[in-house]
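J.: Residue 20 in the numbering used here is what sits at position 25 of the sequence shown, and the numbering runs on without skipping anything.
The structure follows.
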Amino acid sequence: MDTRESVDFQPLPGSDALRTAPLFNPNRPLPYKKMNTYMVEGGHRKYLENPAYNHYIHMHKVVVGESGAAALIGIADELKNEALPTYLDAAGWAYAEAGLASRSISTVERIELIAKAEMMWQQSLVNGRALGESYDAQYRYGENEGHRTALNLAFSPLLKSIVVGSVSSNVMQRVLRDTAEIAHDSKLSLDRAYATRDIDAAAFHRGFLFEASALMAMLYMDDPRYVPLPATARADTGYFHREQTHDISLINQHWGEIRKIIPVEIKSKASNRDKRRYHALIIPGKLRLSIDGVDPRDTVDAFYDLRHGQATTKQSMEIERLSTQLREMLRLYQLGVTPEGLAVHSLTRFHDAKTVSQSFPELMVNHPKIQYKKQT
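Given below as structure tokens:
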């Protein structure tokens, strides 16, 4: 049996935390009565009233250097005692990114920063579930039922592996299984959203499943030189430095030395507006991350069955196809030209889509529309 199909019973930090979060109580009072101010149109600006979060979200969406790492630690220290999941997620990523970037401190100190990130994400899950259960569906789905936060926890072993300079196949495949479990839970939520005609919930979970599918396809490549991570909290928002927005950071590393970071943006389908706006590699989920038609649930099922040793021959072949196709898109994207003046001194490398679009024409602006199968 291929190691990527093996079944094991070791802890899975992301899916385990997602499952157990409802069993814990928040460690401080939650602002239930104030949530309406965050849930109206433009409510995201309310979060910016926190100076530390405002500073964080205005930073460029690229990996920081030593001075930036120190600033991130200060931001995280300011946000760590907040109650809202948005602040705690940002604090977690600030600690985690500082752990990756702080080469001047010891490995033990860097690992301690990532451990702090895990604590922030765990508390975010607990608080988010409490708010969701006590408030209403709008907040619950807006904060994704904890799936994105659980994904951060699932990838924390890879963050630590990069820091210690040893990314093993075993760790990558364990993260793949954890991601498959989280995606499976999101898929069940998508099923419920379709059954109840909850449009907002369905939109969130479709998008999340495409992103999870891309992460799993990259992990399936099983190449320790290229380590996929969910994008940081600020990189994943469309506010400020919008052209730098991305969903996934693919870390090109060698024994813990980060050589470059390839930003990837996942869209169900790429509009002309998206192609003009984003400098990250755009992956159209319906076309490039789907097994049957346009439904991400089929891809999620395939990876879930693979990790449980139950994948059919067709599922295994489709996973190979998706992974190989994605590898080629990443290769061609890196042959593109870096836009002038865009984070030229950062390890995060943006490129134009001229080269990759020659083989994947859906990335061309004004490309003829592609007809997709109707989703049921």
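Glycine included, every Cβ here is placed at the ideal spot set by N, Cα and C.
Please read these numbers as outputs of a predicted model, since none were measured by experiment.
#1: Rounded to whole angstroms, what's the CA-CA distance from residue 49 to residue 308? Just pull it up for me.
#2: What's the C-alpha gap between residue 65 and residue 293?
#3: Would you call the CB atoms of residue 347 and residue 332 closer than 7 Å?
#4: So which of 310, 47, 78, 94 has the shortest CA-CA distance to residue 72?
#5: Which value, in whole angstroms, describes the spacing of the CA atoms of residue 345 and residue 238?
#6: Quick one: residues in its chain with C-beta nearer than 7 Å to the C-beta of residue 251, no 5 flanking neighbours on either side, listed in chain order?
#7: Verify whether the separation of the beta carbon atoms of residue 279 and residue 357 is less than 7 Å.
#8: Tell me whether the beta-carbon of residue 205 lies closer than 7 Å to the beta-carbon of residue 261.
#9: Identify, in the order they occur along the chain, each residue of the same chain with its Cβ nearer than 8 Å to the Cβ of residue 234, setting aside the five sequence neighbours on each side.
#10: Please report the distance separating the alpha-carbon of residue 11 from that of residue 122.
#11: Where does residue 244 fall in DSSP's three states?
#12: Please return the same chain residues whose Cβ sits closer than 8 Å to the Cβ of residue 113, not counting the five positions on each side in sequence.
#13: According to DSSP, what are the bridge partners of residue 279?
#14: With a threshold of 16 other CB atoms inside 10 Å of the CB of residue 5, please say whether the residue is buried or exposed.
#15: In this structure, what does DSSP give as the bridge partners for residue 221?
#16: Quick check on this structure: which residue in 29, 259, 56, 342 has the alpha carbon closest to the alpha carbon of residue 207?
#17: Could you pull the DSSP bridge partners for residue 252 from this structure?
#18: Which of helix, strand or coil does DSSP assign to residue 13?
#19: If I follow the unbroken alpha helix (DSSP H) through residue 121, where does it start and stop?
#20: Taking the continuous alpha helix (DSSP H) assigned at residue 320, which residues delimit it?
#21: Have a look at residue 15 and residue 302 and give me their C-alpha separation to the nearest angstrom.
#22: Grab the span of the alpha helix (DSSP H) containing residue 213 for me, first residue to last.
#23: How would you label residue 296, buried or exposed, when you count the other beta carbons within 10 angstroms and need 16 or more for buried?
#24: Does the distance from the CB of residue 84 to the CB of residue 174 come in under 7 Å?
#25: Taking the C-alpha atoms as reference points, what is the distance between residue 69 and residue 97?
#26: List the endpoints of the continuous alpha helix (DSSP H) containing residue 34.
#27: First and last residue of the alpha helix (DSSP H) that includes residue 235?
#28: What are the complete alpha helix (DSSP H) segments, minimum 4 residues, inside the segment 149 to 190?
#29: Assign residue 27 to one of two classes, buried (16 or more other C-beta atoms within 10 Å of its C-beta) or exposed (fewer than that).
#30: Do residue 343 and residue 256 have their beta-carbon atoms positioned less than 7 Å apart in this structure?
#31: Would you mind sorting residue 242 into buried or exposed? The rule is 16 or more other CB atoms within 10 Å of its CB.
#32: When the Cα of residue 286 is compared with those of 320, 140, 326, 154, which residue comes out closest?
T.: Reading off the structure:
#1: If you take the alpha carbons of residue 49 and residue 308, they lie about 49 Å apart.
#2: Each residue's Cα considered, the two are about 43 Å apart.
#3: Yes, these two residues count as a Cβ contact at 7 Å.
#4: When 310, 47, 78, 94 are compared, the shortest CA-CA separation from residue 72 is found for 47.
#5: Going by C-alpha positions, residue 345 is about 10 Å away from residue 238.
#6: Cβ neighbours of residue 251 within its own chain (closer than 7 Å, five residues either side excluded): 157, 158, 159, 160.
#7: Yes, Cβ-Cβ distance for residue 279 and residue 357 is below 7 Å.
#8: Judged by their CB atoms, residue 205 and residue 261 are nearer to each other than the 7 Å cut-off.
#9: Answer for residue 234: 39, 52, listed in chain order.
#10: Taking the straight line from one Cα to the other gives about 16 Å.
#11: In the structure shown, residue 244 sits in a strand (DSSP, three-state: E or B).
#12: 8, 87, 148, 151.
#13: In the DSSP output, where bridge partners are listed per residue, residue 279 has 262.
#14: Exposed.
#15: Per the DSSP secondary-structure output, residue 221 pairs in a beta bridge with 247.
#16: Distance from the Cα of residue 207 is smallest, within the candidate group 29, 259, 56, 342, for 259.
#17: Looking at the DSSP output, residue 252 shares a beta bridge with 249.
#18: Residue 13: helix per DSSP, three-state reduction.
#19: Counting along the chain, the unbroken alpha helix (DSSP H) around residue 121 starts and ends at 102 to 129.
#20: For residue 320, the enclosing alpha helix (DSSP H) stretches over residues 308 to 328.
#21: In a straight line, the C-alpha of residue 15 is about 21 Å away from that of residue 302.
#22: Looking at the DSSP string, the run of the alpha helix (DSSP H) that includes residue 213 is 194 to 215.
#23: Residue 296 is buried by the Cβ-count criterion.
#24: No.
#25: For residue 69 and residue 97, the gap between their C-alpha atoms comes out near 13 Å.
#26: Per DSSP, residue 34 belongs to the alpha helix (DSSP H) from 31 to 34.
#27: No residue range can be given for residue 235, since it is assigned to no alpha helix (DSSP H) and is classified by DSSP as neither H nor E.
#28: DSSP runs (the alpha helix (DSSP H)) wholly in the segment 149 to 190: 151 to 159.
#29: It is exposed - the Cβ of residue 27 has fewer than 16 other Cβ atoms within 10 Å.
#30: Using a Cβ distance threshold of 7 Å, residue 256 and residue 343 count as a contacting pair.
#31: The residue in question, residue 242, is buried, as its Cβ has 16 or more Cβ neighbours within 10 Å.
#32: The residue with the shortest Cα to Cα distance from residue 286 is 320.
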